[in-house]
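>
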Amino acid sequence: MDVQISHIVKTFGKVRANDDISMTFQSGHIYAVLGENGAGKSTLMKILSGFQPPDSGQIVLDGQPVVFASPADALRVGIGMLHQDVLDVPGMTVLDNFILARGTHLLPDRHRARVELSQQADKLGFDLNPDAYVDSLTIGERQQLELVRLLSLGAKVLILDEPTTGISTDQKEVLFNSLRRLAHTESVTVILVSHKLEDVNALCDSVVVLRQGQVTGSADMPSPTATLIEMMFGKDLPRSGQRPGKHAHKGLNTVLSVKALSVPGRRVSLKDVYLDVERGEVVGLAGLDGSGQRGLLRACAGLEAPTAGWLYLEGRDVTHLNYHDRVGLGVAYTPAGRLEEGLVAGLTLTEHVALVSDRGTWVHWNAARHEAKDKIEHYSIRGTSESRVETLSGGNQQRALMALLPQNLKLLLLESPTRGLDVESARWVWRQLLARREQGAAIIFISPDLDEIIEYSDRVVVFFGGRATLIDDPSKTSMAELGRLIGGVQS
Amino acid sequence: MTPLQGSANTSQHSNRWLAQALVLIVGLLIIVGGIVAVLLLSGKDPASALNLFLQGSLGDATQRSLVVMRGLPILLAASGLLLTFSAGLWNIGIEGQMMFGAIFATIIARSVGNDTSGWIALALELILAAIGGALWALVAGVLKTKGRVNEIFGGVALNFIASNIALYILDGPWKYGARQQTAPFNAPALLPLVPDSGALSLPGILIAIAGFVLVYLILKRSRWGLQLRAMGHSQRSAFLLGVRTERNVLLAMMACGALGGIGGALQILSPDPVSKGYLFPDSSGGIGFLALLVVLLANYQAAWVPLISLFFSLVPVGMLNLQTQIGLDPTLGRVFEEALVFIVVLANGAAARARHTMGEPD
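Given below as structure tokens:
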């Protein structure tokens, strides 16, 4: 299906999120829509998939102008969107979720649905168990379910928002292969919204770049990465080299000591892990999604109870201390879901500042407002002290989260600190984190991005099936070797 | 749910306040229209009915004092509910907590003799009422935090249990004569009245206002209030940002229960005609549920709660006059009150929906 978008305008208050955008997507091609945070990609895709109407402008499908009242409306004419946070019902089985969206009959034909589900999944090369509960699936598998569902409902245009975030390399390969097949043999129009140039290079036929609500360029792939970055940011960023000043592990000043730790997981349990982390050290946890790394991080924070083993913070046994007590000892944890777990949607930045400063019975709002303004300036947050956090862009939310971290941390535990951020925001985050390291904090982080782990970690722990392998000098380890460890291949 | 606004957000705050005023006025107009229609259909003159209603509720000092005094328990319970609603809790058990407050107050009140100091008696009664309400709320809180029982289900069950405990006590140990009630309390156990003012009781009024002001300050100015509001928006985020959420659930429930308990005590400690001056099975009288409606009508905005509480006590007092004069059923007043809540909640929902469709920038 050919999609033609013309002169789309969408404003939110004073912000022109989409400022007269026109573009064309041809049937059977794979497109990437690129742009930094706040460039207007999400707004445009929400308009295209019926989540919100444009202020003005037109969408034309195969020559027919269309107006959508809802996402269901858009799907009825063939536009399906795969959201970054998949919209499914976790407490139900794969088959029930599949049937739910089709519910036109009082009594659904479960047998037929089951056959259709497995046929569709087979065609795409997905391995989905119809009777598995959705909350036992990985993000990658939930995406697969959603794709199967959208296609079985007749989607001819697929919009995918950051689909490779949080899924394993294998799942990414399967996803890309199925998208290629859909585009090239079934003439599906695929639109990928992404920050990851690597993915765009691997998958897409052409790219459209947005900046500040306008189209700043388009190109056929393959195109040099430098060209794309220039279109996205308006300037050429230097290629990032190795981070200077790697910290050599000496076995002194140990901050965190993990001994024989086992943590139960939903599917994979962490078994018998040993790890010492010292002052000023950055340790990256690599591995496929759900291999146990998150269990280790959360157990260190006191959010997950280990079944065996010990945790020591500067020699003190903290195994049985709860999260808040460990925070009191200088541990901090930032979750991947910035707006779901990290910040309180509905509260302003000032209110956040007041919330985390635990002095006295009463809040001094003026002092809190001043502190918030200081932090906004110091952390270059685009927003005001009275901005509610949910109105900030992802990058600015991450900045706010960093601004709320207490001073003098001993141990900083981070879950995907640069998730969904553009290159520039991600570098900013790391500058802040490395400054914390210089102040003596030990940092442990999870990232789905292997490059990020290699670039910033002094040491790396690779997880596979709940077992951890320590790599002392990641710069001397080849990508292939890491890949083998992550994939669980014995060398 | 839209928990309370912080004071950090003044201009937005006053806008919301005005918006809520508009919604309330429009809702009220619709209701008045409905009442006029009903009156016309039943062949009665709306103008004279309105006159009778106003005469009956605000016509003289006694009626006005009745409105004020009956509004106090509603105000206290609604103030408590502001705390729990802010924390994202639906404390539907408030009704049972009020009953428990009344029962605990009775422990003192029924043993107060005619020569006891009224001030000491009253202080002890209200302290015990607060303890009783807080304890009953704590049960719901522990069921929620330790037993993973939703506070709504726990609250409904505890309301039944509270009223059955009251029935048992009033049929057994505290039974007075043949009726299910305690003996009428002696005068020192009751709220002292301002002479020649009808039913006005200064201590009662001061306690209710103090309760509301305390809650208002907690929510707008205190760290604890901010923590509760953060929990109301996202318990998970608040926890990770350092808020001890489980403890705050218990504290918010207990504070609400304590205020409700004091309200329950006022329900039985006023001299006739505001209350009966003794404990009886339905002493809480649905005031807790009414207070839930008050907070819903205020759209969780604290500043509206006193006014709406008074309005909710005005309607039944005024309806009483309509009943005696033109034989209009007084339950009609309740019907219209509840229709008003329905309309306003609907309007607030529609407003939220409109804000949502307007969307937010990415």
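Chains as they are written, first to last, in my numbering: chain A, 1 to 491; chain B, 1001 to 1362.
Glycine included, each C-beta is placed from N, C-alpha and C at the ideal position.
Could you tell me the boundaries of the beta strand (DSSP E) in which isoleucine 7(A) lies?
As a working note, residue 7(A) is residue 7 in the first sequence. This sequence places histidine at residue 7(A); isoleucine is not what is there. 3-12 is the span of the beta strand (DSSP E), which, as asked, contains histidine 7(A).
> Whether or not the region 178-193 of chain A and the region 150-158 of chain A are in contact is what I'm after, with contact meaning three or more pairs of Cβ atoms, one per stretch, closer than 8 Å; do they touch?
With a cut-off of 8 Å, the region 178-193 of chain A and the region 150-158 of chain A count as touching, because enough Cβ pairs lie within range.
> With a cut-off of 8 Å, do at least 3 Cβ pairs link the region 305-320 of chain A to the region 1209-1217 of chain B?
Result no; under three Cβ-Cβ pairs closer than 8 Å.
> Residues in the region 306-326 of chain A with C-beta within 9 Å of chain B's C-beta atoms, listed in sequence order?
Residues passing the 9 Å Cβ filter: Tyr323 and His324.
> Decide if asparagine 1348(B) is buried, meaning its Cβ has at least 16 other Cβ atoms within 10 Å, or exposed.
One-based indexing of the second sequence puts residue 1348(B) at position 348. Asparagine 1348(B) comes out buried.
> Measure from the C-beta of leucine 1279(B) to each C-beta in chain A and report whether the shortest distance is under 8 Å.
Along the second sequence, one-based indexing puts residue 1279(B) at 279. Judged by the 8 Å Cβ criterion, leucine 1279(B) is not in contact with chain A.
> Would you mind giving the Cβ-Cβ distance between leucine 210(A) and alanine 336(A), rounded to the nearest angstrom? I have them listed as a contact below 8 Å.
Walking along the first sequence from the start, residue 210(A) turns up at place 210. Walking along the first sequence from the start, residue 336(A) turns up at place 336. The Cβ separation is near 25 Å, so there is no contact.
> Name the residue from Arg427(A), Thr164(A) and Val3(A) whose alpha carbon lies nearest to the alpha carbon of glutamine 26(A).
Residue numbering aside, residue 26(A) sits at position 26 when the first sequence is read from its first letter. It is Val3(A) whose Cα lies nearest to the Cα of glutamine 26(A).
> With 9 Å as the C-beta to C-beta threshold (strictly closer), list the residues of the region 1226-1256 of chain B near chain A in chain order.
Within the region 1226-1256 of chain B, the residues whose Cβ lies closer than 9 Å to some Cβ of chain A are Leu1226, Gln1227, Arg1229, Ala1230, Met1231, Gly1232, His1233, Ser1234, Arg1236, Ser1237, Ala1238, Phe1239, Leu1240, Leu1241, Gly1242, Val1243 and Arg1244, listed in chain order.
> At the 8 Å Cβ level, is serine 1086(B) part of the contact set with chain A, yes or no?
Taking the first residue of the second sequence as position 1, residue 1086(B) is located at position 86. No, no contact with chain A.
> Which residues in chain A sit within 7 Å of arginine 1221(B), going by Cβ to Cβ distance?
Position 221 of the second sequence, counted from the first residue, corresponds to residue 1221(B). Simply Trp362 and Val363.
> Residues in its own chain within less than 7 Å of leucine 1228(B) by CB, not counting five upstream and five downstream?
Walking along the second sequence from the start, residue 1228(B) turns up at place 228. If we look at leucine 1228(B) and ignore the five residues flanking it on each side, its Cβ neighbours are Leu1083, Ser1086, Ala1087, Asn1248 and Ala1252.
> Enumerate in chain order the residues of its own chain whose CB-to-CB distance from valine 1036(B) is below 8 Å, with the five nearest sequence positions on each side excluded.
Counting from 1 along the second sequence, the entry for residue 1036(B) is found at position 36. Within the same chain, valine 1036(B) has close Cβ partners Pro1046.
> Tell me, please, which residues DSSP counts as bridged to phenylalanine 464(A).
In the first sequence, counting from the first residue as 1, residue 464(A) sits at position 464. Looking at the DSSP assignment, phenylalanine 464(A) forms a beta bridge with Arg467(A).
> Check the Cβ of alanine 345(A) against every Cβ in chain B and list those closer than 8 Å, keeping chain order.
Translated into positions along the first sequence, residue 345(A) becomes position 345. Near alanine 345(A) (Cβ distances below 8 Å), the residues of chain B are His1233, Ser1234 and Ser1237.
> So with CB distances below 9 Å, who are the chain B contacts of aspartate 358(A)?
Here residue 358(A) corresponds to residue number 358 of the first sequence, with the count starting at 1. Here the neighbours are Arg1223 and Gly1242.
> With DSSP run on the structure shown, which of helix, strand or coil describes serine 240(A)?
Taking the first sequence and counting its residues from 1, the one referred to as residue 240(A) is at position 240. The pLDDT assigned to serine 240(A) is 46, lower than 50, so where the model puts this residue is not dependable; a value taken from the coordinates is nonetheless given after this. Coil, per DSSP.
> For glutamate 415(A), write down the residues that DSSP places opposite it in a beta bridge.
The residue given as residue 415(A) occupies position 415 in the first sequence. Answer is Ile446(A).
> Going along the chain, which residues of its own chain have a beta-carbon closer than 8 Å to the beta-carbon of glycine 342(A), five neighbours each way excluded?
Counted from its first residue, the first sequence places residue 342(A) at position 342. The answer, listed in chain order, is Thr334, Pro335, Gln397 and Leu401.
> In whole angstroms, what separates the C-alpha of glycine 284(A) from that of arginine 459(A)?
The count along the first sequence starts at 1 and reaches residue 284(A) at position 284. The count along the first sequence starts at 1 and reaches residue 459(A) at position 459. Spanning the two alpha carbons is a distance of roughly 7 Å.
> Rounded to whole angstroms, what's the CA-CA distance from proline 54(A) to valine 66(A)? Just pull it up for me.
Translated into the one-based positions of the first sequence, residue 54(A) becomes position 54. Translated into the one-based positions of the first sequence, residue 66(A) becomes position 66. Looking at the two C-alpha atoms, the distance is approximately 12 Å.
> By the 10 Å Cβ neighbour count, where 16 or more other Cβ atoms means buried, how is threonine 350(A) classified, buried or exposed?
Here residue 350(A) is taken as the residue at index 350 of the first sequence, counted from 1. Buried is the call here.
> Does arginine 239(A) have its Cβ less than 8 Å from a Cβ in chain B?
Within the first sequence, numbered from 1, the residue matching residue 239(A) stands at position 239. Here the model assigns arginine 239(A) a pLDDT of 37, short of 50, so the residue's position is not dependable, and the following value carries that caveat. Output row for arginine 239(A): interface = no.
> So with Cβ pairs under 8 Å, would you call glutamate 341(A) a contact of chain B?
On the first sequence, position 341 is the one that residue 341(A) refers to. True, the Cβ-Cβ gap to chain B drops below 8 Å.
> What runs of the alpha helix (DSSP H), each 4 residues or longer, lie entirely inside the region 1188-1226 of chain B?
DSSP runs (the alpha helix (DSSP H)) wholly in the region 1188-1226 of chain B: 1202-1221.
> Within 8 Å of any Cβ in chain B, is that where the Cβ of tyrosine 379(A) sits?
Along the first sequence, one-based indexing puts residue 379(A) at 379. Judged by the 8 Å Cβ criterion, tyrosine 379(A) is not in contact with chain B.
> Mark leucine 106(A) as exposed unless 16 or more other C-beta atoms lie within 10 angstroms of its C-beta, in which case mark it buried.
As a working mapping, residue 106(A) is identified with position 106 in the first sequence. Exposed is the call here.
> When the Cα of asparagine 18(A) is compared with those of Gly140(A), Leu48(A) and Gly28(A), which residue comes out closest?
The residue you call residue 18(A) lines up with position 18 of the first sequence. Asparagine 18(A) has its Cα closest to that of Leu48(A), out of Gly140(A), Leu48(A) and Gly28(A).
> Leucine 405(A) bridges to which residues according to DSSP?
Looking up residue 405(A) in the first sequence gives position 405. None, per the DSSP bridge assignment.
> Within this structure, are the beta carbons of arginine 1221(B) and valine 363(A) separated by less than 8 Å?
The residue given as residue 1221(B) occupies position 221 in the second sequence. The residue given as residue 363(A) occupies position 363 in the first sequence. Yes, Cβ-Cβ distance for arginine 1221(B) and valine 363(A) is below 8 Å.
> Report all residues from its chain with a CB closer than 7 Å to the CB of alanine 1077(B); omit the five preceding and five following residues, and keep chain order.
On the second sequence, position 77 is the one that residue 1077(B) refers to. Around alanine 1077(B): Ile1094, Met1098, Leu1259, Gly1260, Gly1263, Ile1287, Gly1288 and Ala1291.
> Would you please state the rounded distance, in angstroms, between the beta carbons of serine 447(A) and serine 416(A)? I believe it to be under 8 Å.
Translated into the one-based positions of the first sequence, residue 447(A) becomes position 447. Translated into the one-based positions of the first sequence, residue 416(A) becomes position 416. Between serine 416(A) and serine 447(A) the Cβ distance is about 6 Å, and since that is below 8 Å, they are a contact.
> Measuring CA to CA, which of Gln1301(B), Ala1238(B) and Ile1092(B) is closest to aspartate 1230(B)?
What you label residue 1230(B) is simply residue 230 of the second sequence in a count that begins at 1. The sequence as given places alanine at residue 1230(B); aspartate does not occur at that position. If we check each option's Cα against that of alanine 1230(B), Ala1238(B) comes out closest.
> Quick one: which unbroken beta strand (DSSP E) runs of 3-plus residues sit fully inside the region 156-215 of chain A? Chain order, please.
Entirely contained in the region 156-215 of chain A, the beta strand (DSSP E) runs reaching 3 residues are, in chain order, 157-161, 189-193 and 206-211.
> Out of curiosity, what's the CA-to-CA distance linking threonine 1324(B) and alanine 1130(B)?
For the purposes of this step, residue 1324(B) is taken as residue 324 along the second sequence, with counting starting at 1. For the purposes of this step, residue 1130(B) is taken as residue 130 along the second sequence, with counting starting at 1. Approximately 37 Å, taken between the alpha carbons.
> Closest to asparagine 1164(B) by C-alpha separation, out of Gln1180(B), Tyr1176(B), Phe1153(B) and Glu1151(B), would be which residue?
The residue labelled residue 1164(B) in the question sits at position 164 within the second sequence. Here the closest residue by C-alpha is Gln1180(B).
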